[in-house]
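Working notes for the structure below.
Number of protein chains: 2
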Amino acid sequence: MAGRVLAMVIRAVGRYGCAMLDLQSRPKCSECPIRHRAVCARCDDDELLMLEQIKTYKSFRAGDQVLWRGDGLTYVASVVAGVASLGKTMEDGRTQMVGLLLPSDFIGRPGREAIDFDVVAVTDVTLCCFHRKPFEALIETTPHIAQRLMEMALDELDAARDWMLLLGRKTAREKIATFIEMLVRRQRLTIDDATDQELVLPLTRHEIANYLGLTLETVSRQLGAMKKERIVQFVDRRRFRVTDLEALHLASGDDCP
Amino acid sequence: MAGRVLAMVIRAVGRYGCAMLDLQSRPKCSECPIRHRAVCARCDDDELLMLEQIKTYKSFRAGDQVLWRGDGLTYVASVVAGVASLGKTMEDGRTQMVGLLLPSDFIGRPGREAIDFDVVAVTDVTLCCFHRKPFEALIETTPHIAQRLMEMALDELDAARDWMLLLGRKTAREKIATFIEMLVRRQRLTIDDATDQELVLPLTRHEIANYLGLTLETVSRQLGAMKKERIVQFVDRRRFRVTDLEALHLASGDDCP
DNA sequence: CACCCGCGTTGATGCAGATCAAATCAGTAG
DNA sequence: CTACTGATTTGATCTGCATCAACGCGGGTG
Numbered sequence: 000m001a002g003r004v005l006a007m008v009i010r011a012v013g014r015y016g017c018a019m020l021d022l023q024s025r026p027k028c029s030e031c032p033i034r035h036r037a038v039c040a041r042c043d044d045d046e047l048l049m050l051e052q053i054k055t056y057k058s059f060r061a062g063d064q065v066l067w068r069g070d071g072l073t074y075v076a077s078v079v080a081g082v083a084s085l086g087k088t089m090e091d092g093r094t095q096m097v098g099l100l101l102p103s104d105f106i107g108r109p110g111r112e113a114i115d116f117d118v119v120a121v122t123d124v125t126l127c128c129f130h131r132k133p134f135e136a137l138i139e140t141t142p143h144i145a146q147r148l149m150e151m152a153l154d155e156l157d158a159a160r161d162w163m164l165l166l167g168r169k170t171a172r173e174k175i176a177t178f179i180e181m182l183v184r185r186q187r188l189t190i191d192d193a194t195d196q197e198l199v200l201p202l203t204r205h206e207i208a209n210y211l212g213l214t215l216e217t218v219s220r221q222l223g224a225m226k227k228e229r230i231v232q233f234v235d236r237r238r239f240r241v242t243d244l245e246a247l248h249l250a251s252g253d254d255c256p
Numbered sequence: 000m001a002g003r004v005l006a007m008v009i010r011a012v013g014r015y016g017c018a019m020l021d022l023q024s025r026p027k028c029s030e031c032p033i034r035h036r037a038v039c040a041r042c043d044d045d046e047l048l049m050l051e052q053i054k055t056y057k058s059f060r061a062g063d064q065v066l067w068r069g070d071g072l073t074y075v076a077s078v079v080a081g082v083a084s085l086g087k088t089m090e091d092g093r094t095q096m097v098g099l100l101l102p103s104d105f106i107g108r109p110g111r112e113a114i115d116f117d118v119v120a121v122t123d124v125t126l127c128c129f130h131r132k133p134f135e136a137l138i139e140t141t142p143h144i145a146q147r148l149m150e151m152a153l154d155e156l157d158a159a160r161d162w163m164l165l166l167g168r169k170t171a172r173e174k175i176a177t178f179i180e181m182l183v184r185r186q187r188l189t190i191d192d193a194t195d196q197e198l199v200l201p202l203t204r205h206e207i208a209n210y211l212g213l214t215l216e217t218v219s220r221q222l223g224a225m226k227k228e229r230i231v232q233f234v235d236r237r238r239f240r241v242t243d244l245e246a247l248h249l250a251s252g253d254d255c256p
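Those protein sequences? They're chains A and B, same order as listed.
Note that numbering that gives the first Met the number 0 has the first sequence beginning at 0, numbered continuously upward.
Note that numbering that gives the first Met the number 0 has the second sequence beginning at 0, numbered continuously upward.
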């Protein structure tokens with residue numbers, strides 16, 4: 000089962016416009032776009048140097064399976080560019096996405112031999128991989144890494160719990176609104192503001208359904224309804240803008256701003 | 000909002016048979032029932048001593064609110080005895096339980112001022128509390144605590160993801176079966192085996208519904224059905240035994256054993 | 001004992017969203 | 001240009017679970 004992690008030829012630009020790094024040049028950690036958000040965020044220059052020695056870049060095309068459930072975990076990794084999904088599957092084929100991995104998110108867990116879900120590249124993806132064993136050793140000796148990893152795990156736990164409320168109690172409409180609001184928030188992080196500004200929908204209807212615990216037909220209908228209500232507006236299938244941010248929030252069912 | 004964490008008079012034995020610790024005697028960490036599973040699991044004797052200096056025990060009666068959403072986090076804590084729940088509430092009253100806290104589980108997160116969900120004592124509960132500030136300081140200087148906390152956070156994250164599959168994709172019947180299987184697994188941890196052995200249902204129908212993203216009526220009906228099918232058998236409302244472990248597992252929808 | 005009150009069960013009904021089915025659209029290969 | 005393929009939309013129908021409603025049970029209290 001192990002070893003299905005395959006390095007792939009790098010292309011200059013990803014399919015959905017995510018700029019890919021040129022792996023030939025082995026970029027320095029100090030110039031890495033996720034330097035201050037990833038697992039290495041708290042590391043000082045010395046510690047960064049140790050990480051640099053055990054890191055490798057790997058790239059995947061949209062749709063590629065990055066890890067299979069039950070795979071031996073030879074590597075752990077940070078997402079450098081692109082979007083990947085964590086998913087669970089039942090034997091009869093029902094699936095549920097349990098996480099979206101965006102740049103700086105971490106894949107794998109130290110101290111465990113295998114992972115219990117599938118990781119799939121949603122767009123073209125570039126990973127910064129570390130051999131698990133030396134990485135685990137580094138954790139023991141480098142508190143900054145363990146601390147940051149803990150912080151990230153706790154953040155993800157909070158996010159997972161929000162998602163549990165969504166999956167367990169929200170209506171289809173609230174799910175869609177919450178999802179779009181999340182996209183807005185995440186994509187505004189870099190650029191910020193302007194009520195209607197073009198945003199990217201990184202997932203297909205099917206993937207959205209999978210993420211929200213719905214069917215793709217329901218997703219399509221709800222998006223259609225919000226289009227008709229002039230809450231959102233589509234440029235094409237993957238590009239849209241929010242025209243009524245307030246109505247969107249109202250539809251999400253969340254109280255806090 | 001802060002400060003609603005109230006110490007309560009200790010009683011010798013909890014309402015559902017959980018033996019309560021005698022707090023007057025200030026038990027030593029080295030004799031603590033969760034010494035090897037809680038956040039202190041990896042600590043050596045010296046480190047334990049430091050924890051012992053900042054710890055306080057607090058007890059709550061079944062039904063008491065331990066923390067309110069948005070509360071200032073003066074303390075973080077480990078559950079020593081009893082069961083508590085983590086829950087989220089929407090403004091219109093819909094609620095979703097997002098976690099069950101059993102002995103050794105950790106409450107609160109270092110590095111954050113407030114928590115984003117309610118904590119309620121399901122049974123009588125005893126907590127081992129640490130003032131947050133000194134605890135955070137301890138984390139900086141004591142890698143064993145940060146490492147253990149990370150490990151626990153990652154374990155909870157795995158559990159949360161399993162629960163997301165349950166909430167998003169499983170049928171009412173599968174949810175109930177999965178829940179009971181979980182109870183079996185957790186309660187067997189201590190005693191182990193025997194196909195039918197008396198188990199405790201620590202939650203009311205309402206709480207189970209809340210945990211599984213169902214209504215209490217549906218929970219009642221599904222439990223009734225499994226009773227009729229002779230998969231489970233109830234001694235009284237809170238005590239039961241599993242008579243057909245295999246059928247139970249089959250009904251859970253999980254593939255792995 | 002009679003009275004509640006919280007909890008649980010059981011029944012009848014309604015509806016949100018799943019399922020089934022078919023048409024449209026966009027991109028791609030021939 | 002045409003055919004084909006996969007993604008999306010739209011419509012019709014079905015169903016699992018929620019909702020509404022009534023009732024039973026057990027334990028505590030006056």
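Note that beta-carbon positions come from the ideal geometry of N, C-alpha and C, so glycine has one too.
Computed from a predicted model, the values in this text were never measured in an experiment.
Cβ neighbour criterion (16 or more within 10 Å) applied to residue i
i: THR170/A; result: exposed
i: ASP21/A; result: Low confidence applies to ASP21/A: its pLDDT is 45, below 50, so where it sits in the model is not reliable enough to give any reading.
i: HIS35/B; result: exposed
i: GLN196/A; result: exposed
i: VAL65/B; result: buried
i: PHE233/B; result: exposed
i: LEU164/A; result: buried
i: ASP117/B; result: buried
i: GLY92/B; result: exposed
i: ARG276/A; result: Since the displayed chain A opens at 0 and closes at 256, residue 276/A lies outside it and no answer follows.
i: LEU249/B; result: exposed
i: GLU90/A; result: exposed
i: ARG185/B; result: exposed
i: ARG160/A; result: buried
Below-7 Å beta-carbon distance, residue i vs any chain A residue
i: VAL82/B; result: no
i: GLY212/B; result: yes
i: LEU202/B; result: no
i: MET49/B; result: no
i: GLN221/B; result: no
i: ALA145/B; result: yes
i: VAL97/B; result: yes
Beta carbon proximity, residue i to chain B, threshold 7 Å
i: LEU249/A; result: no
i: LYS57/A; result: no
i: ASP254/A; result: yes
i: MET149/A; result: yes
i: ALA152/A; result: yes
i: LEU164/A; result: yes
i: MET89/A; result: yes
i: ILE175/A; result: no
i: GLY71/A; result: no
i: ALA159/A; result: yes
Nonlocal neighbours in the same chain, by C-beta distance under 6 Å from residue i, ignoring five residues either side
i: PRO133/A; result: ILE53
i: ILE230/B; result: ASP243, ALA246 and LEU247
i: CYS255/A; result: none
i: THR94/B; result: GLY86, THR88 and ASN209
i: GLN23/B; result: Annotation note: pLDDT 46 at GLN23/B (below 50); position unreliable, coordinate value reported separately. Excluding residues within five positions, none has a Cβ falling inside 6 Å.
Residue j beta carbon less than 7 Å from that of residue i
i: ALA158/A; j: LEU247/A; result: no
i: GLY98/A; j: GLY212/B; result: no
i: MET49/B; j: MET149/A; result: no
i: PRO142/A; j: PRO109/B; result: no
i: GLU173/B; j: SER251/B; result: yes
i: LEU156/B; j: LEU156/A; result: yes
i: CYS28/B; j: GLU51/B; result: yes
i: VAL79/B; j: ILE33/B; result: yes
Check: residue i C-beta below 6 Å from any heavy atom of the ligand SAM
i: LEU72/A; result: In the structure shown, the ligand SAM is absent, as is every other ligand, since no ligand is present at all.
Same chain only: Cβ atoms within 7 Å of residue i, ignoring 5 sequence neighbours per side
i: ILE207/A; result: PHE178 and VAL218
i: GLY146/B; result: Contrary to the premise, residue 146/B reads as Gln rather than Gly in this sequence. The residues are ARG41.
i: THR140/B; result: none
Residues of its chain near residue i, where Cβ-Cβ distance is below 8 Å and the 5 sequence neighbours each way are ignored
i: ARG238/B; result: GLU197, LEU198, VAL199 and LEU200
Notebook entry, point to check: Below 8 Å, can you find three or more Cβ-Cβ pairs linking the segment 46 to 61 of chain B to the segment 112 to 132 of chain B?
Noted result: yes
Check: Are there three or more Cβ pairs, one per stretch, closer than 8 Å when the segment 218 to 234 of chain A is compared with the segment 85 to 104 of chain A?
Finding: no
Checklist line | Cβ pair count under 8 Å reaching 3, the segment 36 to 47 of chain B against the segment 84 to 97 of chain B | finding: no
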